[in-house]
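I have placed the structure first, in the form of structure tokens, so that the comments after it can refer back to it.
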Amino acid sequence: MRLEDLPLRDDLKGKRPYGAPEHDVPVQLDTNENPYPPSKALVDDLAEEIRLSAADLNRYPDMNATLLREGLAAYLGHGLSADNVWAANGSNEVLQQILQAFGGHGRTALGFQPSYSMHPIITTGTNTAWVDGRREDDFTLDPGKAVAAIEEHRPDIVFLTSPNNPTGTALDLATVRAVLDAAPGMVVVDEAYAEFAREGTPSALTLLPGHPRLIVTRTMSKAFAMAGTRLGYMAAHPAVVQALLLVRLPYHLSTITQAAARVALRHSGELLGNVAALRQERDDTVEWLRVKGLTVADSDANFVLFGRFADRRAVWEGLLARGVLIREVGPPEWLRVSIGTGEEMAAFRAALEGVL
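Residue numbers (this note's numbering): 28 to 383.
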């Protein structure tokens, strides 16, 4: 039997699942992971936490992840409490729950492209209609045009991404405020890469007071270097959290996941200690690429979008042949490189020089 032989939903026919090419090469700079592994002290602490938790694995986990949410609220600050915070298996599950609660048949979500490719995928999966808005040629978002798109389509959910993936572009709060004032429904600001933003870049968390339909999503997969934990979270008005409780699956966060995330919060100073180095490596990479005559998008994330190539596939394949894997994503003439260690970025530069 083939997929085509199954009674698949019409809106899923012809679709391709999300994924990144997987290749066993020495330098992997394609999935925006933090390249620095946890320390022995963190690993030992995690092992002990899991050992203690294992004694109760015959029981279901805390359905509401209360201790974890308290820890996440303390990390975020801004006067937030556990009632303002929700967590799930990666920020993608948080986004899915948002769409389950506020989207669905007859409802619409709007995003501004190019942006995170999972936004329209999850939207379609929840039987919500997707509408493409557009960014400017430099990948910024014009607030007037964003408001015009909202007034035209009247979406139930608006997705903003800051810093934006795959471009690295951060939004100013004036744009977020303009969208909040115009949007008739929920506004989701995806801040998966917020910790990598340049000093002084404000977070949409500052706008939560007075904006009960604003949701700010975060993740432990990037700056926290805990991609394998699969822990995403969000901050919003307590009523929004209550809405997500209506659609979450029972006991969706395992005992082990909650334990690992709590340990990560205890070691946040260590885990976030490499952020400054990654920012500097990012800025150095942007400068080097521009010296090479390439066009580079300003980045506030742990990756850089660069081009423009008449045949980006040839450049991507040339790098792969030299043992460096980056991502062929975004607009057709562009490529994205995740920021790795100094040694990995030196290998990237040497490989790209060979290709060019």
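The beta carbon of each residue, even a glycine, is placed where N, CA and C say it ideally should be.
So, are the CB atoms of residue i and residue j less than 8 Å apart?
i, j, result
"Gly131", "Thr150", "no"
"Ala92", "Ala114", "yes"
"Val206", "Ile177", "yes"
"Leu235", "Thr202", "no"
"Asn111", "Asn329", "no"
"Asp72", "Arg293", "yes"
"Gly259", "Glu120", "yes"
"Pro193", "Leu332", "yes"
"Ala378", "Val356", "no"
"Asp217", "Leu187", "yes"
"Leu271", "Gln124", "yes"
"Gly171", "Leu137", "no"
"Thr256", "Ala287", "yes"
"Arg240", "Met213", "yes"
"Thr322", "Ile366", "no"
"Met247", "Ala303", "no"
Would you decide whether residue i is buried or exposed? Buried here means 16 or more other CB atoms lie within 10 Å of its CB.
i, result
"Gly104", "exposed"
"Thr233", "exposed"
"Met372", "buried"
"Lys249", "buried"
"Asp327", "buried"
"Ala348", "exposed"
"Asp183", "buried"
"Gln307", "exposed"
"Gly117", "buried"
"Pro141", "buried"
"Met90", "exposed"
"Gly195", "buried"
"Ala47", "exposed"
"Val70", "exposed"
"His50", "exposed"
"Arg363", "buried"
"Glu66", "Note that residue 66 is Ser in the sequence shown, not Glu. With fewer than 16 Cβ atoms within 10 Å of its Cβ, Ser66 is classed as exposed."
"Met253", "buried"
"Leu54", "It is worth fixing the name first, because residue 54 is Val in this sequence and not Leu. Burial call: buried."
On the DSSP bridge list, what partners appear for residue i?
i, result
"Val158", "Leu137"
"Ala114", "Tyr260"
"Ile184", "Ala136, Met213"
"Arg43", "Answer is none; Arg43 lacks a bridge partner."
"Thr167", "Answer is none; Thr167 lacks a bridge partner."
"Val351", "Val54"
"Val323", "Phe333"
In terms of residues, what are the limits of the beta strand (DSSP E) holding residue i?
i, result
"Ala348", "That residue, Ala348, is in no beta strand (DSSP E); its alpha helix (DSSP H) goes 339 to 348."
"Val364", "361 to 365"
"Leu332", "330 to 334"
Considering residue i, what are the terminal residues of the alpha helix (DSSP H) in which it resides?
i, result
"Arg96", "93 to 103"
"Leu122", "117 to 129"
"Met145", "145 to 152"
"His180", "170 to 180"
"Phe375", "369 to 382"
"Asp72", "67 to 81"
If you measure from the CB of residue i, is any heavy atom of the ligand ZN nearer than 7 Å?
i, result
"Ala209", "Summarising the ligand content, the structure contains no ligands, and the ligand ZN is consequently not present."
Only counting runs of 4 or more residues, tell me where the alpha helix (DSSP H) segments fall wholly within the stretch 188 to 272, in order along the chain. 200 to 209, 265 to 272
Quick one: complete alpha helix (DSSP H) runs, 4+ long, within the stretch 269 to 319? 282 to 293, 295 to 298, 302 to 318
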